[in-house]
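Working notes for the structure below.
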Amino acid sequence: MSAREEVLAAVRSALHPAASSPAPVASPPPVPSVPGPDQAPGEEVVALFAGRVADYRAEVTRCGAAELAEVVSSIVADAHGVVVPPGLDLELPGATLDDDLTAAQLDGIEAVVTRASIGIAVTGTVVLDHGRGQGRRSVTLLPDLHVCIVDERQVVSDVGDALARLDPRRPQTWVSGPSATSDIELSRVEGVHGPRRLHVVLVGD
Amino acid sequence: MPPFPTAARAALGDAQLRRNLAHATGTIRAKRAAVIDELEDWEGLRQRAARTKDETLAHLDEHLLTLEASLTARGATVHWARDAADACRVVADVARAHGIRDVVKVKSMATQEIQLNETLAEQGISAWETDLAELIVQLGDDLPSHILVPAIHRNRTEIRDIFRDRMGAVGRAAPDGLTDDPAVLAGAARLHLREKFLSTRMAVSGANFAVADTGTLVVVESEGNGRMCLTLPEVLVSVVGIEKVVPTWSDLESFLTLLPRSSTGERMNPYTSTWSGVAPGDGPQEVHVVLLDNGRTKALADDFARQALRCIRCSACLNVCPVYERVGGHTYGSVYPGPIGAILNPLLKGVGQDPATDALPYASTLCGACGDVCPVAIDIPGILVHLRGKVVDAHRGDGLPKAEAVAMKAAAWGLGSAARLGLGERLLGAAAGLWRGSRAGTTRPVITRLPWPGSHWTRARDLPVPPRESFRAWWRRTGRDGGAS
Ligand code: SF4
């Protein structure tokens, strides 16, 4: 008997010691459809999101859409190299477009600017589903500073609301504060591997 | 590993270990309590998660088939493993098929359970741990001692020495002038491991959850080493215990709320990665999933104790356990320490086969704290008692009575008569001088070794030295005087 048959048989005999139940035929189930955005969240939810992100020692800046380019430019002004994903839709002079850069190339760039898919207020989390403007997964991982632009309308209240809006077929990265470890005598150290700084820019209007 | 009582005796003598553990568990307990209080209905969430897991386990075969089908549809290759040997073989075969001799790893209990690193090493394949704590453990030729903070038994100076002496032999050496500042040490680890992430073509991970209907695997972590392993290499193999399956994407709500809060006391862990098979143009383009039994169906067959398979490995039960806090994780002789280890190991391995496993259900005071804290409401104390019964049953007819039974019978005999008690007290007081010793880290004189049958008791415990004069002798001497005045 193959390992597959043996494991399944062991599961069945553990569950139904007497019966030898037949194998149900499995076909891939339909993937649930993802609802579109509801109406914009209230200021209370947006403020909660901003506060909770800041609790992780991430930086948070709120601004209007008109000031966005200027705000982001000043955040990355001192960085040695900035990479942006295709579809960011933001003028950032001097930034490198991620045009399938190698991991080694990304490793040599200090900052990355992306958008997000959703922000979760209760947990202060930004979720990237790596669609347009969010970059491949490695783009937000190798540079040391991640500047993440979140539109106020993308903020949802809690994890359940986020899951309802996200498409499980897309790979996702949920980010809550900068990379952190407490492995050495429980002292918290930022960024062993991922970006040591996370800067969330929350855009209103 | 020696059985729990023997290992515990050594661990209890290690004052540094106990200080580290008390600090760690105390800190995490306080953080956890604060973030749990923020939620309106923790209990409701807990019951919902428990119910989801129970219902999944009750139809595990169907959910596994669904998971297999959705993973396959999304471009992953699914393998099944009866035991550790099967699972290790799959990983080694994938590596060999690509001519790969080095793999990077995300910390995972399942891969530790099957001793993947050791098995791969025998076949000339090096597996590099990439979690900071696991790196410390691996470079130090050591064993992890806590599910969540595996190197909690090491202090910063020891870590500095390990990095300075060992890093160079296996990759980028630690920078000169390394201090024992945690940020500096983390910086050294960052450089050492970044080199590995960028050059290694294959990664191995576990998964915290596997969503059946969408074929999504979920890994929850803090450092970003998980993200590195899950996205940079060309080939990814994930070893997933069959109990990790949850039916639907929306079931993740309760688990992603319960896990970080119970585990590190955070509202959310820094990084959660989810992926469903292969994502074209992003991340590994060859994805394998190994569905691992290795005793889980044995646990499943126990109608009552089956609930142990709900465990989401948050380690909250370790952090509240008075026994764990004093003896640490190594004592349990297994990758699953603490209260969950005390029930999971006997369930996965079966009782009545080796003394070390049979000792584990007794490694508890049954205070109940572990059951109260468990985010998926596993009745750990109930299962401990249930397993004690099974251990006793397994040893019926062994001939020799268990040590505990002998000791209890002797105690009953000694305490059953005033004359015998008086005699015992006098003998013990007189003989104490012969057996007196002391343990490292204390100044209190203790008896560390009694003659048989008392040796069964002192194998795992010290006995305070009895006073030279028994209470009854003292009362005869002073009580009478006091009464007369
Ligand atoms: S038994 Fe419960 S408390 Fe212990 S690690 Fe598992 S889920 Fe957490």
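Protein chains in written order, with the numbering used here: chain B, 24 to 228; chain G, 286 to 770.
C-beta: ideal position from N, C-alpha, C; glycine also.
The three-state reading of DSSP puts glutamine 301/G in helix, counting H, G and I together. In this chain, glutamate 66/B is not harboured by any beta strand (DSSP E); it is covered by the alpha helix (DSSP H) spanning 66-78. Closest in C-alpha terms to histidine 671/G, from the list Asp461/G, Ala471/G and Ala584/G, comes Ala584/G. Contact between cysteine 606/G and glycine 623/G holds: CB atoms are separated by about 5 Å, below the 8 Å threshold.
Within a 10 Å sphere around the beta-carbon of phenylalanine 72/B sit 16 or more other beta-carbons, which makes this residue buried.
Boundaries of the beta strand (DSSP E) around serine 523/G: 520-526. If you draw a 10 Å sphere on the C-beta of leucine 168/B, you find 16 or more other C-beta atoms in it, and that means buried. Using a Cβ-Cβ distance cut-off of 8 Å, the stretch 319-334 of chain G and the stretch 655-669 of chain G are in contact, since at least three pairs of beta carbons, one from each stretch, lie closer than that value. When Ala88/B, Thr125/B, Ser25/B and Asp130/B are compared, the shortest CA-CA separation from valine 224/B is found for Ala88/B. When Cβ-Cβ separations below 7 Å define contact, asparagine 604/G makes no contact with chain B. One finds nothing in chain B with a Cβ atom closer than 7 Å to the Cβ of proline 429/G; even the nearest lies about 11 Å away. Chain order gives the chain B residues near arginine 475/G as Val215 and His216, where near means a beta carbon separation below 7 Å. Histidine 364/G has Val575/G as its beta-bridge partners, per DSSP. From the beta-carbon of histidine 103/B, no residue of chain G is found nearer than 7 Å; the closest lies around 16 Å away. Annotation for lysine 675/G: the continuous alpha helix (DSSP H) segment containing it runs 665-680. Valine 434/G is positioned such that its CB atom lies closer than 7 Å to that of alanine 309/G. Taking C-alpha positions only, leucine 91/B is separated from valine 226/B by approximately 7 Å. For secondary structure counted as the alpha helix (DSSP H) over 4 or more consecutive residues, the stretch 382-416 of chain G holds these complete runs in sequence order: 394-398 and 401-407.
Within 10 angstroms of the beta-carbon of glutamate 551/G lie 16 or more other beta-carbons, which makes it buried. Within the stretch 592-631 of chain G, the complete alpha helix (DSSP H) segments at least 4 residues long are 601-605 and 607-612, listed from N- to C-terminus.
Remark: fewer than three beta-carbon pairs, one from each stretch, lie closer than 8 Å, so the stretch 578-594 of chain G and the stretch 202-217 of chain B are not flagged as touching. Put simply, the CB of serine 180/B is far from chain G, with every gap to its CB atoms at 7 Å or more. As the crow flies, the alpha-carbon of proline 518/G is around 24 Å from that of lysine 529/G. Take the alpha-carbon of histidine 573/G and the one of proline 288/G: they are about 37 Å apart. Following the DSSP letters along the chain, one finds histidine 222/B inside the beta strand (DSSP E) bounded by residues 220-227.
In the DSSP assignment, glutamine 195/B falls within the beta strand (DSSP E) that extends over 195-198. For methionine 513/G, the uninterrupted alpha helix (DSSP H) segment begins and ends at 510-516. Assignment of cysteine 652/G by DSSP, reduced to helix, strand and coil, places it in the coil class. Nearest CB-CB separation between glycine 142/B and chain G: not below the 7 Å threshold. Here glycine 360/G is near glycine 562/G, since their CB atoms are less than 7 Å apart.
Listed by position along chain B, the residues whose Cβ is nearer than 9 Å to that of valine 434/G are Ser205, Asp206 and Leu209. For asparagine 554/G, the chain B residues whose C-beta falls within less than 8 Å of its own C-beta are Ser199, listed in chain order. In this model, valine 575/G and alanine 300/G are separated by some 41 Å (Cα to Cα). Any Cβ of chain B closer than 7 Å to the Cβ of glutamate 443/G would place that residue at the interface, and such an atom is absent.
For the stretch 488-501 of chain G, the set of residues with a beta-carbon nearer than 9 Å to any beta-carbon of chain B comprises Val496, Ala497, Asp498, Thr499, Gly500 and Thr501, in chain order. Serine 558/G carries a strand assignment under DSSP once its states are collapsed to helix, strand and coil.
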